[in-house]
Amino acid sequence: MEERMASYREVYDGWKADPEGFWMEAAKEVDWIKAPSRALDDSRAPFYEWFADATCNTCHNAVDRHVEAGHGDRVAIIHDSPITGTQQKITYAELQERVARLAGALAAKGVVKGDRVIVYMPMVPEAAIAMLACARIGAIHSVVFGGFAAHELAVRIDDCTPKAVIAASCGIEPNRVVPYKPLLDAAIEQAREKPEFCVVLQREQAPATLIAGRDHDWHAFQDGAEPAPCVEVGGADPLYILYTSGTTGQPKGVVRPTGGHMVALLWTMRNIYGVGPGDTYWAASDVGWVVGHSYIVYAPLLMGCTTIVFEGKPIGTPDAGTFWRVIQEHGVKAFFTAPTAFRAIKREDSAGEFVKKYAMPSLEALYFAGERCDPDTLNWAAEKLGVPVIDHWWQTETGYAIAANPRGLELMPVKAGSPTVAMPGYDVQILDEGGHPMGPGKLGAIAVKLPLPPGTLPTLWNADDRYRKSYLEAFPGYYETGDAGMIDDDGYLYIMARTDDVINVAGHRLSTGAMEEVLAGHPDVAEAAVIGVHDDLKGQMPLGFVCLNNGCSRSHDEIAKECAKRMRDELGPVAAYRTTVVVDRLPKTRSGKILRKTMVQIADGQDVKMPATIEDPAVLDEIRSALGSIGRGT
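Those letters in the sequence shown? Residues 2 to 635, by this note's numbering.
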């Protein structure tokens, strides 16, 4: 008789009743060198550690153990690059050989356990190989998004003091080649701390000049290198540092602990994504972001899946059907991307004509994260693809979902606008400004009761005090997420805005996310953003920005009037919404997050510091011009 699967509620309640037992059971999925005797070490609270008395190696779990189990011929990585018109498949056995050789070359140059290595590369397999090679020898990698500005890269070099930098000569965008090496050279020149050496993957589109004595060609560097074995690493030792933007302009180095990271990611692959060994899993992100770390590189390989490294864009490489081609060609079972990617596709192909050109019988579910998913985008994707579309919510700091729809356990009813429910490990609460829990339907600060679960950040790199101030001080006993939202009567969580984006109009606290939902529901609107701008009378007033669907030729004034009417009809006069500005593009980070705070600064006439993660700085000039036309920001 087939064993009945536990329901979400049974699993969540089981975790809450016995957190230690829950995580010790989940830890059985990992190949430990020395197994943990307990899960949580709270002796240094609030700096919690998981599986601290265990030893292990992430590279062994992600690569070697699959080869040893007889799966060396299984494809580990598919590199699909519509930008260069090339594809490449790497089996687990080939991956093991390539990772071990690079690890051996790094070790021969003196890189040892605990040393830091910066990885500064585009979406090529060598980026994942570099990360795994560091993990193999116990070095701590810090991936910096390829093409990041020299000054920002220098700041990260000074903070983590790497022994080495592994880079590529260039990255390739749809309409341009971005030389990385001049940026790297300028960053090292600016940095106080200098890496001992650099390894550079030469790409034919823009080969780089190597500096004698410091720089090594990727291939020549590895010639004759002895393959390195996996080094024994402590369960609480750092696997990597990933920098996320800080409110002060100084980036925060999120530390990812080794053992808990593996335990948590393996749990999510089965229970959230519903995939197992041999399945093809695709996260259309970049290795420079946390999604790329967790769900392009580590989680799929830990599970023994085939993962796709995609060098392309949702539109323009070559068209709005590129995602569907990849899913069809490679038999993708679970697909993960940002809502902003689907908004771009919907804007280009609102009727979904490209979807009809491809057969995608392998696809079982689509997952969104990275930016709050508006119901209009979620419903469009569900209608066009005919599979469950699951919004889930997490952060660089957590490394995996805080709230999700656990399809591997049970597919819960989807509520558009909600990432569903809290996952085991996360006791999510809505707090008022005094830190008191609020009832269902009340908008407040979203916080997680301590301790955070395995794999989440234990602290920031060399910045324990900053960790306390950034996350723990506002609400004692809780981790402050920085997001605002509510929980409904069914326990579904709604992420309405960043805490900074909750605006106060004449004493009424209003969610910009709710307003954006209303604007996005307009049939001519492809994408929307709402910000709160200064108003002498009411404190703040909402101001909307909309991008229109391609081919829309209607009067912008008419559309703006309709947007204001929709807002009155759906949110009432309390929203005091009047002004909608039509723009061609919204300013975004490279991961697709809208830079609302920067837009507020422009609208309020403040000095604007160029955000390090902005995708295209020219968009800010377009926003200034649009605001000038309505008499703001000039």
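Think of the CB as a built atom: it goes at the ideal place given N, C-alpha and C, for glycine as much as any other residue. None of these values were measured; they are calculated from a predicted model.
**OP:** Name the one or two DSSP bridge partners that Gly540 has.
**Re:** Val506 and Asp536
Original post:
Taking the alpha-carbon positions, what's the Pro407 to Ile316 distance?
Top reply: 30 Å
Original post:
Looking at Thr460 and Val256, is the spacing between their C-beta atoms short of 7 Å?
Top reply: yes
Original post:
Tell me, which residues are paired with Ile309 by DSSP?
Top reply: Ile79
Original post:
With C-beta atoms as the reference, is Met487 less than 7 Å away from Lys450?
Top reply: no
Original post:
By Cβ distance, which residues of its chain are closer than 6 Å to Gly632, with the 5 residues on each side in sequence left out?
Top reply: none
Subject >> Reduced DSSP secondary structure (H/G/I, E/B, other) of Thr338 >> reply: strand
Original post:
Who are Val547's beta bridge partners in DSSP?
Top reply: Ala529 and Val583
Subject >> Helix, strand or coil at Val156 according to DSSP, with G and I counted as helix >> reply: helix
Subject >> Beta-carbon spacing of Leu473, Pro20 below 7 Å >> reply: no
Original post:
So, using beta-carbon positions, are Val601 and Ile532 closer together than 7 Å?
Top reply: yes
**OP:** Using a threshold of 7 Å, state whether the C-beta atoms of Asp638 and Lys164 are closer than that.
**Re:** Nothing can be reported for residue 638, as the shown portion of the chain is limited to 2 through 635.
Original post:
From His393 to Gly313, what does the alpha carbon distance come to, in whole angstroms?
Top reply: 23 Å
Subject >> Counted within 10 angstroms of its Cβ, other Cβ atoms place His331 as buried (16 or more) or exposed >> reply: buried
Original post:
Going straight from the alpha carbon of Gly22 to that of Trp16, what length do you get?
Top reply: 8 Å
Original post:
In its own chain, which residues sit with a C-beta less than 6 Å from the C-beta of Leu520, not counting the 5 before and 5 after it?
Top reply: Val526, Ala529, Gly545, Val547 and Cys564
Original post:
Can you tell me whether Asp14 is buried or exposed, with buried defined as 16 or more other CB within 10 angstroms of its CB?
Top reply: exposed
**OP:** Work out the CA separation of Ser592 and Ile615 for me, nearest whole Å.
**Re:** 9 Å
Original post:
With distances taken between CB atoms, is the gap from Asp280 to Lys358 smaller than 7 Å?
Top reply: no
Subject >> Among Ile328, Ile391 and Arg373, nearest to Leu364 - alpha-carbon criterion >> reply: Ile328
Original post:
Do Gly492 and Val422 have their C-beta atoms within less than 7 Å of each other?
Top reply: yes
Original post:
Distance, Cα to Cα, Val264 vs Ala129?
Top reply: 20 Å
**OP:** Would you kindly check if the distance between the Cβ of Arg586 and the Cβ of Val534 is under 7 Å?
**Re:** no
Subject >> Completely contained beta strand (DSSP E) runs for the segment 45-113, where each covers 3 or more residues >> reply: 76-82 and 87-92
**OP:** Flag this pair as touching only if the segment 231-245 and the segment 44-61 have three or more C-beta atom pairs under 8 Å; answer yes or no.
**Re:** yes
Original post:
How about Ala221 and Ala108: do their beta carbons lie closer than 7 Å?
Top reply: no
Subject >> Those runs of the alpha helix (DSSP H) which lie wholly inside the segment 190-223 and span at least 4 residues >> reply: 219-223
Original post:
Going by C-alpha distance, which of Ile346, Arg66 and Thr245 is nearest Tyr468?
Top reply: Thr245
Original post:
Three-state secondary structure (DSSP) at Glu3?
Top reply: For Glu3, the predicted model reports a pLDDT of 48, less than 50, meaning its position is unreliable and no value from the coordinates is stated.
Original post:
Run through DSSP, which three-state label would Leu364 get?
Top reply: coil
Subject >> Best match in Thr482, Ser556 and Trp33 for proximity to Gly261 [C-alpha to C-alpha] >> reply: Trp33
Original post:
Where do the ends of the beta strand (DSSP E) carrying Trp283 lie?
Top reply: Thr281 to Ala284
Original post:
Should Arg551 be labelled buried (16 or more other beta-carbon atoms within 10 Å of its own) or exposed?
Top reply: The amino acid occupying residue 551 in the given sequence is Asn; Arg does not appear at that position. Counting Cβ neighbours within 10 Å, Asn551 comes out exposed, since fewer than 16 surround it.
Subject >> Residue of Glu26, Val166 and Thr397 minimising C-alpha distance to Glu197 >> reply: Val166
Original post:
What's the C-alpha gap between Arg204 and Leu211?
Top reply: 13 Å
Original post:
Are the segment 182-195 and the segment 126-142 touching, with three or more C-beta to C-beta distances below 8 Å?
Top reply: no
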